[in-house]
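Taking it in order: structure first as structure tokens, then the write-up.
Number of protein chains: 4
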Amino acid sequence: MQIKKDEVKNAIIKSGEKEFLEKGYEKASIRKIVKQAGTTIGNFYNYFNNKEALFEVLVKDEYDKFIYFIHNHDKIERPDYLWQISNPSKWRVVLSELLSKVVPNFGIGLIILLDCSEGTKFANCKNELVNLIKNHFIEHIEKYNKEYNSIEIGDIISEQLIDGIIKILRNNNNPDLKHKLITEYILFYMIGTMGLIGNFNF
Amino acid sequence: MQIKKDEVKNAIIKSGEKEFLEKGYEKASIRKIVKQAGTTIGNFYNYFNNKEALFEVLVKDEYDKFIYFIHNHDKIERPDYLWQISNPSKWRVVLSELLSKVVPNFGIGLIILLDCSEGTKFANCKNELVNLIKNHFIEHIEKYNKEYNSIEIGDIISEQLIDGIIKILRNNNNPDLKHKLITEYILFYMIGTMGLIGNFNF
Amino acid sequence: MQIKKDEVKNAIIKSGEKEFLEKGYEKASIRKIVKQAGTTIGNFYNYFNNKEALFEVLVKDEYDKFIYFIHNHDKIERPDYLWQISNPSKWRVVLSELLSKVVPNFGIGLIILLDCSEGTKFANCKNELVNLIKNHFIEHIEKYNKEYNSIEIGDIISEQLIDGIIKILRNNNNPDLKHKLITEYILFYMIGTMGLIGNFNF
Amino acid sequence: MQIKKDEVKNAIIKSGEKEFLEKGYEKASIRKIVKQAGTTIGNFYNYFNNKEALFEVLVKDEYDKFIYFIHNHDKIERPDYLWQISNPSKWRVVLSELLSKVVPNFGIGLIILLDCSEGTKFANCKNELVNLIKNHFIEHIEKYNKEYNSIEIGDIISEQLIDGIIKILRNNNNPDLKHKLITEYILFYMIGTMGLIGNFNF
DNA sequence: AATGAATGAGGGTTCATTCAT
DNA sequence: AATGAATGAACCCTCATTCAT
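In order, the protein sequences belong to chains A, B, C and D. Start counting the first sequence at 273; every next residue gets the next number (my numbering). Start counting the second sequence at 273; every next residue gets the next number (my numbering). Start counting the third sequence at 273; every next residue gets the next number (my numbering). Start counting the fourth sequence at 273; every next residue gets the next number (my numbering).
Rendered as structure tokens:
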């Protein structure tokens, strides 16, 4: 029955993943999750202490990695040299290489953690990430163009960078396509940022 | 009584606007709307047939304009010449001028229509808009770089363009700041797009 | 419908009174309360915010008096002279007279407050009252017999004094009987206390 | 296995004892009992048919003694001579001597039987005991003061006598203290009773 | 116009018990 | 002997909506 048990538990997890992904934590319904998983409400609570416990299972691994990243991102090798490449047309290949190591780790758990966690204790993860990006953005602006006077755009750009990546992950299962699109998307942001602060001689 | 009636109706509308904006259609609670409006649940149904009817009022004008725009956008004067300006550093001023006529019309109703309508019959508006943008994006790509091979990025970029504008509208009440940020944001997208398809001689 | 409304509300209150009195707060079932009141669960929440709100209505008046009593009991005329009456056989009439002013105020609300409130914010009321009695008991012992060496009995006697009065109130609706029994019961406690500490020349 | 079995069974019994004692039969949770006992819900039902069966084990011995006592109490040597001791100040020592034989037998099982059995078939035990006491009380009254006209107080006094002893047992683990307090408490009741019916020449 | 009473479905959760392994 | 999966009823509570007054 060990097998049987795991079957049901996995069915609940799978079903919960789908439900949380589609509706977010708060709108997700345990009754619907268990029905889709082919079991009963009472049985759900044999596997999980409560709604949030199921959510946590879906998100735990990604959350641990996330926390590690938040705490150590300044020690991690930074791709600052990217910006110093004289010809931005060469960014793509370098960026693609860089991302090839990390994008395969971006799974459904990460999407749920960042985009479906309102109402849980994980709700703030996306904000932390956005703030990280924003700080880099501001640093970057100050380095390349002290006179740029619409610095508030950093709030939007940072959040949109994250949201865009989430959307790509949501809508593309093919790993290669996923990788290609994220590369293009970040490239788009780099070019946009450089252009915005007047760093190109068009 | 007519006066009183409008007062109540407007109070409900104002309160509903706030609730829908904050929580979205589905999570919004009529009980909370009427409490905040200083009236009662029963009275709500004297003014509106149901939850969606209130939503519709909040969104009607913007929706009509939206439909008109969707149906006539190909007849509307297009800012294509923008792209033909040789020096992108001059885009900002032209774009700003262009937007100064339209941004003041972007109000709360538009945000609600595009970003808070899940669960209503308006849920698809944002998608239609996104598709419009996407089609322009694709046209543009085909015009300037037939070989660009990550055309799928158009889905993301188009949706992100809309979402970013919505975020700016949500978070900035000051009209000038709003206008400036949207200008910068669209500029950012234009530059990013051009860069992505290799249209700059960096 | 004002009348109708009060009917239902009163029916719920009456039914809740019965349920709380019989089962205590935690075991009481809203479903049973509303069924007994002839209405539905949903409707219950039109009259009361939640289970505890109904409880509070049942208990509010008594609680206010209770708080007033706790804060002011030391200013209230104390029946200490009772103890100084040389012949305890005369206590009964004095005590009865004293109680005749207060016992009529002891209603069902008081029983619920003191004896059915576990699980609510009122749960500690009985304890406060018991402690008051206990302190008086200890004062009394120290005044009349410093050598009495089973002072711990005060815990039990104090709580039992309160519990006994609650039981009398629970089981007797007739005001005169109620008054007579409480008189006898307190008399019993006074005699017991005096006897215990050896204050009688039997 | 027999050894292991008893270990588990005893762990459940110990854990159940604690849970029933603290919460009473109805509020007690089998889930919490087995968790505290370090076993599982399924295994519980290998040892006990159901919740009440565990309760019965905890209470069985005391219940048998109780039934024996109820059926034979009139044949048991009665401490009536106590009352005939001319000087009540001498009661304490005689009573203490009497109780020293019986109080050590008052264990947790008795508390549970009398005070935690609502919802079980044992629920009426306390009442039977109370009625016994009450009958003695009435006999006593009729013997010493035929004119006493608040005979209904016997209901309360009898129940309170039992409840007080239960409280002492609940709150005191030290055998000597337990014995002393019960002695004082019953003395208190004897004095109170005698005083109430005017049998003292104060 | 205004009130809020009434309904029934659904929300998350706990429970004692049964049963297959 | 031991596990815990499975069930179904019950717990308190919120919801949008209807309706009588």
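Every residue, glycine too, gets a C-beta built ideally from N, C-alpha and C.
Is C397(D) helix, strand or coil when you go by DSSP?
helix
Thinking C-alpha only, which one of G314(C), I357(C), K307(C), F327(C) is nearest E390(C)?
F327(C)
Is the CB-CB distance between I428(C) and I302(D) below 7 Å?
no
Among residues of its own chain, excluding the 5 on either side of V280(C), which ones have a beta-carbon nearer than 6 Å to its beta-carbon?
T311
Are the Cβ atoms of F292(C) and C388(C) separated by less than 7 Å?
yes
Are the C-beta of E456(B) and some C-beta of chain A separated by less than 7 Å?
yes
Would you call the region 372 to 383 of chain D in contact with the region 437 to 452 of chain D, where contact means no fewer than 3 C-beta pairs closer than 8 Å?
Enough Cβ pairs lie closer than 8 Å, so yes.
Three CB pairs or more closer than 8 Å across the region 414 to 432 of chain D and the region 455 to 473 of chain D:
yes
DSSP state of E419(B) mapped onto helix, strand, coil
coil
Got a sec: is the Cβ-Cβ distance from I305(D) to anything in chain C below 7 Å?
no
I425(C) versus T392(C): straight-line alpha-carbon distance, rounded
28 Å
Any idea if A395(C) is buried or exposed, counting beta-carbon neighbours within 10 angstroms, 16 or more meaning buried?
exposed
Helix, strand or coil for S301(B) per DSSP?
S301(B): coil per DSSP, three-state reduction.
Less than 7 Å between the C-beta atoms of I384(D) and L330(D), yes or no?
yes
In this structure, how does DSSP classify H343(A) when only helix, strand and coil are distinguished?
helix
When the Cα atoms are used, what is the spatial distance from M466(D) to M466(C)?
If you draw a straight line from the Cα of M466(D) to the Cα of M466(C), it comes to about 12 Å.
For F409(A), is the classification buried or exposed, using 16 other Cβ atoms within 10 angstroms of its Cβ as the cut-off for buried?
buried
Of all the CB atoms in chain A, is at least one closer than 7 Å to the CB of G426(B)?
no
Quick check on this structure: which residue in H343(A), D448(A), I413(A) has the alpha carbon closest to the alpha carbon of L371(A)?
Nearest C-alpha to L371(A): D448(A).
What would DSSP say about M466(A), mapped onto helix, strand or coil?
helix
I'd like to know whether the C-beta atoms of G436(D) and Q308(C) end up nearer to each other than 7 Å.
no
What residues in the region 396 to 428 of chain D have a beta carbon less than 8 Å from any beta carbon of chain C?
S422, E424, I425, D427, I428
C-beta neighbour in chain C for Q432(D), strict 7 Å:
yes
With 16 other CB atoms within 10 Å as the buried threshold, where does E334(C) fall?
buried
Could you check whether the Cβ of L386(C) sits closer than 7 Å to any Cβ belonging to chain D?
no
Given I284(C) as reference, the closest of K304(C), N399(C), I405(C) once Cα atoms are compared
K304(C)
If I405(D) and S430(D) are in contact, beta carbons under 8 Å, what's the gap, nearest whole angstrom?
4 Å
Using the Cα positions of I434(A) and E400(A), report the straight-line distance between them to the nearest angstrom.
11 Å
Restricting to Cα atoms, I'd like to know which of E289(D), W363(D), M462(D), V366(D) is closest to A325(D).
When only C-alpha atoms are compared, the closest one is E289(D).
H345(A) versus V306(A), N403(A), K415(A), residue with shortest Cα-Cα distance:
Comparing C-alpha distances from H345(A) to each of V306(A), N403(A), K415(A) shows the shortest one belongs to N403(A).
Assign E328(D) to one of three DSSP states: helix, strand, or coil.
Helix, per DSSP.
Per-residue burial, H451(B) [other beta carbons within 10 Å of its own, 16 or more giving buried]
buried
Contact check, V366(C) vs L354(C) under 8 Å by CB: the rounded distance?
6 Å
At a Cβ threshold of 7 Å, is F460(C) touching chain D?
yes
Report yes if the CB atom of G464(D) is closer than 7 Å to the CB atom of F460(C), and no otherwise.
yes
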